[in-house]
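S.K.: Just so you know, the protein sequences line up as chains C and S, in that order. When you read off a place in the first sequence, starting at 1, and then add 3, the result is the number in our numbering. When you read off a place in the second sequence, starting at 1, and then add 12, the result is the number in our numbering. For every residue, glycine included, the Cβ atom is placed at its ideal position computed from N, Cα and C. Take this structure, written in structure tokens, and hold onto it; I'll ask about it next.
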Amino acid sequence: MDRYTGKSVMRGIAIGRVYLYQKVEIQVTDEKVSDVASEKERLTAAVERAKAQLTRLYDEALQNVGEDHAAIFDVHRMLLEDEDYLETAAGEIKNGYNAVYAVDQAGTQFAELFAAMDDEYMRGRAADIRDISQRVIRILLDLPEEEINSEEPVVLVAEDLTPSETVKLDKKKILGFVTVKGSANSHTAILARSMNLPALVNVNIDLSDALHGKTCVVDGFEGEFLIEPEEEILSEKVVRKNQWVADLEALEKLKGQDNVTKSGKRIDVFANIGNVADADMACAADAGGIGLFRSEFLYLGRTTFPSEEEQYTSYKAVLEKMEGKKVVIRTLDIGADKKVDYFGLEPEENPALGYRAIRICLDREEIFITQLRALYRAAAHGTLAIMFPMIISVDEVKRIRQIVEMVKEELAKEGYPVGEAEIGIMIETPAAAVISDKLAKEVDFFSIGTNDLTQYTLAVDRQNQKLEGICDTHHEALLRLIELTVKNAHEAGIWVGICGELGADTELTEWFLKIGVDELSVASSAVLKVRGAVRALP
Amino acid sequence: MRDFTYVIKDPVGLHARPAGLLVKKAGEFTSRITIESGGKSAEAKKLIMLMGLGIKQGAEVVCRIEGEDEDVAHDALVKFFEENL
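Here's what the structure looks like:
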């Protein structure tokens, strides 16, 4: 048995035969041609055929893998219409070179142009330029399109896979992917995730023809690739695989089901997201709504404040994706611990206890007002609830309400359609939990941020590994504060949810239902697991 | 000569797809159309050069149009930007 390791980009286990996917070496020579005119015609014809192939591939991909993955073929087709690219190739032919050489030159030149850019997205386009050049060259050389020649499904092993290759592959014939190159965000990874097949990239293996046809195991849990595993190991992997398949099937069955116990007690299960794209995962996981949409992504990794327009676009996008299901957006929760130089925050000894979140918003109102304007404008496009972090006093809430009223009036005067939105606060400080009876009268809902509440209540830094032993997430003090908060919320007639990690802790699901928590908001990947736990309760 | 300024709203900026559509749109007119941003400029009919401008969300771009159909082109392009970027 040979064992190799790599980076897993999709979990799961595949057991099958290796299919070594190797591309035919393309020979590019700088041979000159005598008939320049007809060589130019050959190029034009090849480009037209390539564009036709891409149009066909786009249509097929649209059916099989959806718009997002199909789009790459549309982009490739547009690149083949680029004047500069075509003129560069034509220029080489004019100098007497053969068409294959000409296209290779143009491809290399423009791929290098993109590879040198400082934008990651643009650097990725270098691969696209190489891909289209390969396509045209293969047509010029009359090489057939790559296919998987196998009756049964196989484990695809390759040096790397280009975008058009990954989409073109017949899904029914693949059990898993193994590539020597690639990254967590390469097309291989994206495809593997969308197809739900185990995949490893960056595997330390030297490809050789001898591998073809050998029995292998792709373990996306352990990140290992085994060739001709021994009996014992193979049996272990088979057991693991069957367990995984059974787990997946059990979870699938939970989609569309209600979050209700056997005796009929209900609870909402929502998802936590950190950017617009995650909303798709929340929908795929059958979440009932978004219980926490962290807005920080709009402020991080940039050098200027996000404009009202930018923010509005993102909030609107998520509200529309959720099609009327509730979306709770939390206003910016940033402090000196994050890299946001343009905020001009002074370094602090204790950022967790410092000038952050709502404290910045109430001190530098222009930042707060921009976010609120964007939120209220977006509210017209779905069911929005707004929640404020780090609250410790009733005064803060009263001030927030004043600013909110002013923003709504302003927007109405300016003629914007302003939507309605529930106003709520995070209960993540001990102060807020202790005076939750008074706070409950001022808002429409609470959401308990158990991560920070645990930290502040136990006076323990969650990130400090030395304190792992004493950071008890089920500490009685924490549970009492949660219970108190829920009781006070219901006495004032408002709903209360949990958006911290504790919400997904299935050891506490029964207790949450017992004390009357209305909503649990968890990572998309935990939604069905929590539903399963709820439904298993008496 | 006509021109207009626009601030990009699309979260992914001027990536391949809208850039391709812009090239198509610009191709409908005979006028010379250039896009300027961050001190660099490119012809709107050239996809690779356009993408090379690396225009992101929040970037301010200036679109200059010069030619016989510049008025029609101007209005069509303003509409295009508002609808796609």
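Taking C-alpha atoms, which residue in S:A56, S:G70, S:L34, S:M63 lies nearest to Y315 of chain C?
M.R.: Measuring from the Cα of Y315 of chain C, the nearest candidate turns out to be S:G70.
S.K.: Quick check on DSSP: helix, strand or coil for Y100 of chain C?
M.R.: DSSP places Y100 of chain C in strand when its eight states are reduced to three.
S.K.: If I follow the unbroken alpha helix (DSSP H) through Y22 of chain C, where does it start and stop?
M.R.: No alpha helix (DSSP H) holds Y22 of chain C; the beta strand (DSSP E) holding it covers 16-24.
S.K.: By the 9 angstroms beta-carbon criterion, what residues does the stretch 23-37 of chain S contribute toward chain C?
M.R.: Result list: P23, V24, G25, H27, A28, R29, A31, G32, L33, V35, K36.
S.K.: Determine the chain C residues that contact M63 of chain S at a beta-carbon separation under 7 angstroms, and present them in chain order.
M.R.: Neighbours of M63 of chain S on chain C, chain order: M125, R128.
S.K.: Quick one: residues in its chain with C-beta nearer than 8 angstroms to the C-beta of T165 of chain C, no 5 flanking neighbours on either side, listed in chain order?
M.R.: Hits under 8 angstroms: A130, R133, D134, Q137, H190.
S.K.: Mind listing which residues of the stretch 267-284 of chain C have their C-beta closer than 8 angstroms to chain S's C-betas, in chain order?
M.R.: Within the stretch 267-284 of chain C, the residues whose Cβ lies closer than 8 angstroms to some Cβ of chain S are V279, listed in chain order.
S.K.: What are the partner residues of R297 of chain C, as DSSP defines its beta bridges?
M.R.: Beta-bridge pairing links R297 of chain C to C:R333.
S.K.: Could you tell me which uninterrupted beta strand (DSSP E) segments, each at least 3 residues in length, are contained entirely in the stretch 309-364 of chain C, listed from first to last along the chain?
M.R.: Complete beta strand (DSSP E) runs here, min 3: 329-333.
S.K.: Relative to chain S, which residues along the stretch 79-100 of chain C have a C-beta separation below 8 angstroms, given in chain order?
M.R.: Cβ contacts with chain S come from M81, L82, E84, D85, E86, D87, Y88.
S.K.: Along chain S, which residues have their Cβ under 7 angstroms away from the Cβ of F76 of chain C?
M.R.: Within 7 angstroms Cβ-Cβ: nothing; F76 of chain C doesn't reach chain S, min ~11 angstroms.
S.K.: Taking the alpha carbon of D163 of chain C as the reference point, which residue from C:I501, C:Q260, C:Q25 has its own alpha carbon closest?
M.R.: Of the listed residues, the one whose Cα sits closest to D163 of chain C is C:Q25.
S.K.: For V206 of chain C, which of C:A119, C:D38, C:K10, C:D77 has the nearest alpha-carbon?
M.R.: Of C:A119, C:D38, C:K10, C:D77, the residue nearest in Cα terms is C:K10.
S.K.: Does any residue of chain S have a CB that is nearer than 8 angstroms to the CB of T303 of chain C?
M.R.: The amino acid occupying residue 303 of chain C in the given sequence is Leu; Thr does not appear at that position. L303 of chain C does not count as touching chain S.
S.K.: Taking the beta strand (DSSP E) that G535 of chain C belongs to, which residues open and close that run?
M.R.: No beta strand (DSSP E) holds G535 of chain C; the alpha helix (DSSP H) holding it covers 530-538.
S.K.: Which residues in the same chain have their Cβ closer than 7 angstroms to the Cβ of F113 of chain C, if we skip the five residues on either side of it in sequence?
M.R.: Cβ neighbours of F113 of chain C beyond the five flanking positions: Y88, I132.
S.K.: Which residues in chain S sit within 7 angstroms of D475 of chain C, going by Cβ to Cβ distance?
M.R.: Under the 7 angstroms cutoff, chain S gives no residues; its nearest Cβ is about 41 angstroms from D475 of chain C.
S.K.: For L97 of chain S, would you say it is in contact with chain C, using Cβ-to-Cβ distances shorter than 8 angstroms as the test?
M.R.: Judged by the 8 angstroms Cβ criterion, L97 of chain S is not in contact with chain C.
S.K.: Would you call the stretch 295-303 of chain C and the stretch 38-50 of chain S touching, i.e. three or more CB-CB distances under 8 angstroms?
M.R.: Taking 8 angstroms as the limit for Cβ pairs, the verdict is that the stretch 38-50 of chain S does not touch the stretch 295-303 of chain C.
S.K.: Would you say T111 of chain C faces chain S, with C-beta separation under 8 angstroms as the test?
M.R.: Not closer than 8 angstroms to any Cβ of chain S, the Cβ of T111 of chain C fails to qualify, so no.
S.K.: State the start and end residues of the unbroken alpha helix (DSSP H) segment that holds F371 of chain C.
M.R.: It spans 368-381 - the alpha helix (DSSP H) in which F371 of chain C sits, taken as one unbroken run.
S.K.: Between which residues of its own chain and A360 of chain C is the CB-CB distance below 6 angstroms, once the five residues before and five after are set aside?
M.R.: Contacts found: D336, P392, M393.
S.K.: State the Cα-Cα distance for the pair V27 of chain C and E115 of chain C, rounded to the nearest angstrom.
M.R.: In a straight line, the C-alpha of V27 of chain C is about 23 angstroms away from that of E115 of chain C.
S.K.: Please confirm whether I47 of chain S has its beta-carbon closer than 8 angstroms to some beta-carbon of chain C.
M.R.: No, I47 of chain S lies away from the interface with chain C (no Cβ there is under 8 angstroms from its Cβ).
S.K.: Looking at chain S, is there any beta carbon in it that lies within less than 8 angstroms of the beta carbon of S439 of chain C?
M.R.: So no, S439 of chain C is outside the interface.
S.K.: How long is the line joining the alpha carbons of G50 of chain S and V35 of chain S, rounded to whole angstroms?
M.R.: So the two alpha carbons sit approximately 20 angstroms from each other.
S.K.: Below 8 angstroms on the Cβ atoms is my contact criterion, and I expect L254 of chain C with L540 of chain C to pass it. Report the Cβ-Cβ distance as a whole number of Å.
M.R.: Actually they do not touch by this definition, with Cβ atoms about 17 angstroms apart.
S.K.: Does any residue of chain S have a CB that is nearer than 8 angstroms to the CB of S317 of chain C?
M.R.: By this cut-off, S317 of chain C is an interface position.
S.K.: Using 7 angstroms as the cut-off, classify the Cβ of L505 of chain C as near or not near the heavy atoms of the ligand COA, replying yes or no.
M.R.: The ligand COA is absent from the structure shown, which contains no ligands of any kind.
S.K.: Which chain S residues are close to L116 of chain C, counting only those with a beta carbon under 8 angstroms from its beta carbon?
M.R.: Result: I60, G64.
S.K.: Check for me: the alpha helix (DSSP H) holding F41 of chain S runs from which residue to which?
M.R.: Neither: F41 of chain S is in no alpha helix (DSSP H) and is coded neither H nor E.
S.K.: Measure the Cβ-Cβ separation of K258 of chain C and D289 of chain C and say whether it is below 8 angstroms.
M.R.: The answer is yes: Cβ separation under 8 angstroms.
S.K.: Name the one or two DSSP bridge partners that A54 of chain S has.
M.R.: According to DSSP, which records beta bridges pairwise, A54 of chain S is partnered with S:I47.
S.K.: Alpha carbon to alpha carbon, how far is K21 of chain S from C474 of chain C? Give it in angstroms, no decimals.
M.R.: Their Cα atoms are separated by approximately 44 angstroms.
S.K.: Taking the DSSP output, what are the residues bridged to L523 of chain C?
M.R.: Partner(s): C:V272, C:I501.
S.K.: Mind checking if K57 of chain S is an interface residue toward chain C, Cβ cutoff 8 angstroms exclusive?
M.R.: So yes, K57 of chain S belongs to the interface.
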